[in-house]
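Undergrad: Numbering (full-length UniProt numbering), first residue to last: 1 to 238. For reference, the structure I am asking about is given below.
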């Protein structure tokens with residue numbers, strides 16, 4: 001058994017264990033940013049279907065290579081690609097053309113461009129709003145007040161489907177503070193869900209805070225290091 005396969009089995013078993021104590025079911029998003037295509041293929045062979053990428057150019061290269069391979073070998077069209085990184089306006093066309101989900105929409109300009117650039121032949125693009133729940137100045141995301149206005153506008157765009165919210169809690173050893181932020185996200189999610197029938201996704205929790213996130217309502221955890229190992233230090237081109 002390969003290391004990636006073993007890691008996936010371990011993480012999924014942990015998620016099942018945590019889910020047994022909560023009312024929701026939590027999905028695993030494998031964050032494959034900076035990892036080679038071979039790692040994605042290995043995870044796919046082990047049954048993983050949801051993959052998250054932060055860097056547009058790197059991700060598009062992987063997606064296109066797998067699409068080409070699908071013509072001759074294993075079919076990779078079961079993969080659900082999630083863009084989870086900061087969105088630059090000049091990259092929205094590539095994101096709209098190649099991804100199934102975008103979890104990091106934090107302003108109307110980006111949402112409008114994704115809507116306008118989504119190909120007619122593609123299904124609606126699933127969208128999560130990124131919330132800056134810790135209110136850090138150097139972090140992307142809408143604030144709690146902006147969220148409802150942005151949700152209203154996104155819900156009216158014909159090529160997008162509002163699916164939920166995402167956050168990256170403050171990096172801290174203070175679990176009380178971290179838990180408070182996760183609980184605030186859960187309340188925002190429940191408020192949004194009460195208004196919009198398609199809302200079903202609360203994306204929060206990574207390798208270091210997965211259990212705490214699931215205990216506080218996360219329906220999707222974004223795990224990279226615990227599956228693929230430490231990431232390369234050199235950032236890929238967005």
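Ideal Cβ positions, reconstructed from N, Cα and C, are used throughout, including at glycine.
One question on the structure: do residue 129 and residue 165 come within less than 8 Å of each other, judged by their Cβ atoms?
TA: Yes; because the gap between Cβ atoms is below 8 Å, this pair is in contact.
Undergrad: With burial defined as no fewer than 16 other Cβ atoms inside 10 Å of the residue's Cβ, what is the status of residue 75: buried or exposed?
TA: Exposed is the call here.
Undergrad: Which ranges would you report for the beta strand (DSSP E) in the stretch 10–79 if only whole runs of at least 3 residues count?
TA: The qualifying runs are 27–31 and 50–53.
Undergrad: Do residue 110 and residue 87 come within 8 Å of each other at the CB atom, strictly closer than that value?
TA: Contact flag set, yes.
Undergrad: Taking the Cβ atom as the reference point for each residue, do residue 221 and residue 8 lie within a distance shorter than 8 Å?
TA: No.
Undergrad: In three-state DSSP terms, what is residue 223?
TA: Here residue 223 sits in strand by DSSP.
Undergrad: Count the C-beta pairs between the stretch 157–172 and the stretch 118–132 that are closer than 8 Å, then say yes if the count reaches three, no if not.
TA: Contact holds: three or more Cβ-Cβ distances are below 8 Å.
Undergrad: Could you pull out every residue in the same chain whose Cβ sits closer than 7 Å to the Cβ of residue 54, ignoring the five residues on either side in sequence?
TA: Excluding positions up to five away in sequence, the list reads 33, 84 and 85.
Undergrad: DSSP three-state label for residue 93, please.
TA: Helix, per DSSP.
Undergrad: State buried or exposed for residue 195, treating a residue as buried only when at least 16 other CB atoms are found within 10 Å of its CB.
TA: Under this definition residue 195 is an exposed residue.
Undergrad: Give me, in chain order, the residues of the same chain whose beta-carbon lies closer than 7 Å to that of residue 183; leave out the 5 immediate sequence neighbours on both sides.
TA: Correct list, in chain order: 216.
Undergrad: Pull up the distance between the alpha-carbon of residue 201 and that of residue 15, whole angstroms please.
TA: Taking the straight line from one Cα to the other gives about 16 Å.
Undergrad: Check the DSSP bridge columns for residue 154 and list the partner residues they point to.
TA: Note: residue 154 sits in no beta bridge, so no partner.
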